[in-house]
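**Q**
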Amino acid sequence: MKEKILSFFRRPFFSDYRTLLGLWLLMALIAALQKMFVPNNNYMMYQAVFWHVWEQVSLFAHYPLEYWDVNHYGPFFGLVIAPYALLPYFPGRLLWLLTLAFSLWYAVRKLPLRKWQHVFIYWFCAHELLTALYRSQFNVAIAALVIGTFWAIEHRRDFWAAFFIMVGTFVKLYGIVGLAFFFFSKNKRQFIFGLVFWAVVMFCAPMLISSPEYVVGQYHEWYVCLLGKNAENLFSMQQNVSVLGMIRKISGVATYSDIWILLPALALFAAPYLRIGQYRHSAFRYTLLASVLMFLVLFSTGSESSGYITAFIGICIWYVVAPWKRSCWDIALLVFAFVLSSLSPSDLFPRWLKLHYVYPYALKAFPVALIWLKLVWEMLTRNYANAERIRPNCNS
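The sequence shown begins at 1087 in this note's numbering and counts up one residue at a time.
1) I need the straight-line Cα distance from VAL1143 to GLN1304, nearest angstrom please.
2) Would you mind stating whether PHE1452 and MET1332 have Cβ atoms separated by less than 8 Å?
3) Between the beta-carbon of VAL1329 and the beta-carbon of ALA1455, is there less than 8 Å?
4) Going by C-alpha to C-alpha distance, which of LYS1335, ARG1366, GLY1261 and PHE1279 sits closest to TYR1159?
5) Could you check the C-alpha separation between PHE1539 and PHE1245 for me, to the nearest Å?
6) Report all residues from its chain with a CB closer than 6 Å to the CB of PHE1210; omit the five preceding and five following residues, and keep chain order.
7) From the DSSP output, in three-state form, read off SER1413 for me.
8) Whose CA, out of TYR1175, ALA1353, LEU1112 and PHE1268, lies closest to the CA of ASN1127?
9) I'd like the list of long-range same chain contacts for GLY1164, defined as Cβ closer than 6 Å, with 5 residues on each side in sequence excluded.
10) Compute the Euclidean distance between the alpha carbons of LYS1030 and LEU1181, then round it to the nearest angstrom.
11) Identify every run of the beta strand (DSSP E) within the region 1105-1137, keeping only runs that are complete inside it and at least 3 residues long; order them along the chain.
12) Suppose you measure from the CA of PRO1298 to the CA of MET1252; what does that come to, to the nearest Å?
13) Could you compute how far the alpha carbon of LEU1259 sits from the alpha carbon of GLN1223?
14) Could you tell me which whole alpha helix (DSSP H) segments of length 4 or greater appear in the region 1324-1404?
15) Buried or exposed: where does HIS1306 fall if 16 or more other Cβ atoms within 10 Å of its Cβ makes it buried?
16) Looking only at its chain, what residues have a beta carbon closer than 8 Å to the beta carbon of TYR1365, apart from the 5 residues adjacent to it on each side?
17) Less than 8 Å between the C-beta atoms of SER1101 and LYS1201, yes or no?
18) Looking only at its chain, what residues have a beta carbon closer than 8 Å to the beta carbon of LEU1375, apart from the 5 residues adjacent to it on each side?
19) Going by the beta-carbon positions, is the gap between LYS1460 and LEU1419 smaller than 8 Å?
20) Does DSSP classify CYS1211 as helix, strand or coil?
21) Whose C-beta lies closer than 6 Å to the C-beta of LEU1190 among residues of the same chain, with five residues either side of it excluded?
22) Apart from the five residues just before and just after GLY1195, which ones in its own chain have a Cβ nearer than 6 Å to its Cβ?
If you want it as structure tokens, here you go:
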């Protein structure tokens, strides 16, 4: 029976890129239909950003008649969401979700990995993608933009790498993490020029549908709003689903500063850069991409459960690019992350456990943090020169 089941799933249909694209787009359709008659708060807020820029009213005030949250996206997002905001609610949201799903699928597809590596990423991240799509999360696009930045630098298209960084930065700040790939750039002058050029363009672009005075004022409001949001996130059940939140919520201590956690984390993140001799190995560079994707979620007070699609893409890249035998401990970490981090928001996970432990203590971050620490240790100690791929070694 076991062999029959395995033989069934080994059929080419399950590893066909068209099948996998269809699967990811189908999840976008399912997410859109699930909220067809119940307006999705995130998407309603996204739509409102365009109209508020158009009407030149505050982007960061409370609008309880439109949506229940407060917007934290920058003025440039008004242009990004414009094609969708101009459509009626359902077709606009459906097109938005299809765009998100396709952008990440395409970004992963552009990575020059082997086919089995692509297939593994698509299947392993499918459930986490669905979770993000239910909430219409822009984090799906952030993951695509970070990967796009890395791809552009790998292919010496530094001007466009700068474009991806600035899009993510001017929408939700997170795109700034793309600067982590600066040392891999072969044309740093073009890269820096691109950053300046696109920063000016995207800063001024919203003025096309509003005014210079309005846009400058909104960037100041955005700064003030983000400072307040960070304080609100500290003990929030829905926010700060991160290492920062996990430590704070388990300890119950509110008086310390997160800087005492962030500084050691940044030191660990930066330490592999000292291994300059490893830069020439693609596996090392791809592992740094995985580190960036996980770090972005693990050490942000704004991390949400539905934003873990970014971290899960990183987990998969970490697993598949290693040029050595993956141990059964690595597989165990992978399974642990899937069960606790990916399945915990779903009905497949015991409700009592997630309500009493996973949610209150931000435990979704725990398996991802373990994998990230393992990744850092590997980048500091292993040689990425050997390109051999072998079956996992359960004895190591």
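We put the beta carbon where it would ideally sit given N, CA and C, even for glycine.
**A** Concretely, from the data shown:
1) As a position in the sequence shown, residue 1143 is number 57, starting the count at 1. As a position in the sequence shown, residue 1304 is number 218, starting the count at 1. The alpha-carbon atoms of VAL1143 and GLN1304 are separated by roughly 9 Å.
2) Numbered from 1 along the sequence shown, position 366 holds the residue referred to as residue 1452. Numbered from 1 along the sequence shown, position 246 holds the residue referred to as residue 1332. Going by beta carbons, PHE1452 and MET1332 fall inside the 8 Å limit.
3) The residue you call residue 1329 lines up with position 243 of the sequence shown. The residue you call residue 1455 lines up with position 369 of the sequence shown. Taking 8 Å as the Cβ cut-off, VAL1329 and ALA1455 qualify as a contacting pair.
4) In the sequence shown, residue 1159 corresponds to position 73, counting from 1. Ranking LYS1335, ARG1366, GLY1261 and PHE1279 by Cα distance to TYR1159 puts GLY1261 first.
5) No information on residue 1539 is available, as it lies outside the stretch 1087 to 1482 that the chain covers here.
6) The count along the sequence shown starts at 1 and reaches residue 1210 at position 124. Non-local C-beta neighbours of PHE1210 in its own chain, meaning closer than 6 Å and more than five positions away in sequence, comprise CYS1402, ordered along the chain.
7) Residue numbering aside, residue 1413 sits at position 327 when the sequence shown is read from its first letter. Reduced to three states, the DSSP call for SER1413 is strand.
8) Position 41 of the sequence shown, counting from 1, holds the residue named residue 1127. Comparing Cα-Cα distances from ASN1127 to each of TYR1175, ALA1353, LEU1112 and PHE1268, the minimum goes to TYR1175.
9) Here residue 1164 is taken as the residue at index 78 of the sequence shown, counted from 1. For GLY1164, where only same-chain residues beyond five positions count, the Cβ hits under 6 Å are VAL1135, PHE1136, VAL1139 and PRO1292.
10) Any answer about residue 1030 is impossible in this case: the structure gives the chain only from 1087 up to 1482.
11) None, since the region 1105-1137 contains no complete beta strand (DSSP E) of that length.
12) As a first step, residue 1298 must be located in the sequence shown, where it is residue number 212. As a first step, residue 1252 must be located in the sequence shown, where it is residue number 166. Going from the Cα of PRO1298 to the Cα of MET1252 covers about 19 Å.
13) Here the question's residue 1259 lines up with position 173 in the sequence shown. Here the question's residue 1223 lines up with position 137 in the sequence shown. Straight-line spacing of the CA atoms in LEU1259 and GLN1223 works out to 15 Å.
14) Taken in chain order, the complete alpha helix (DSSP H) segments of 4 residues or longer contained in the region 1324-1404 are 1329-1337, 1345-1356 and 1368-1384.
15) Here residue 1306 refers to the residue found at position 220 when the sequence shown is read from its first residue. HIS1306 should be labelled exposed.
16) To locate residue 1365, count along the sequence shown from 1; it is residue 279. Taken in chain order, the residues that qualify are PHE1269, PHE1270 and ARG1371.
17) What you label residue 1101 is simply residue 15 of the sequence shown in a count that begins at 1. What you label residue 1201 is simply residue 115 of the sequence shown in a count that begins at 1. Going by C-beta atoms, SER1101 is nearer than 8 Å to LYS1201.
18) Here the question's residue 1375 lines up with position 289 in the sequence shown. So the list reads VAL1232, ILE1233, PHE1236, PHE1267, GLY1400 and ILE1403, once near-sequence residues are dropped.
19) One-based indexing of the sequence shown puts residue 1460 at position 374. One-based indexing of the sequence shown puts residue 1419 at position 333. In this structure, LYS1460 places its C-beta atom within 8 Å of the C-beta atom of LEU1419.
20) Start at 1 with the first residue of the sequence shown, and residue 1211 comes out as number 125. Coil, per DSSP.
21) Within the sequence shown, numbered from 1, the residue matching residue 1190 stands at position 104. Same-chain partners within the cutoff: VAL1226, ALA1229 and ALA1230.
22) If you number the sequence shown from 1, residue 1195 lands on position 109. Note on residue identity: the sequence assigns Arg, not Gly, to residue 1195. Within its own chain, no residue has a Cβ closer than 6 Å to the Cβ of ARG1195 once the five positions on either side in sequence are excluded.
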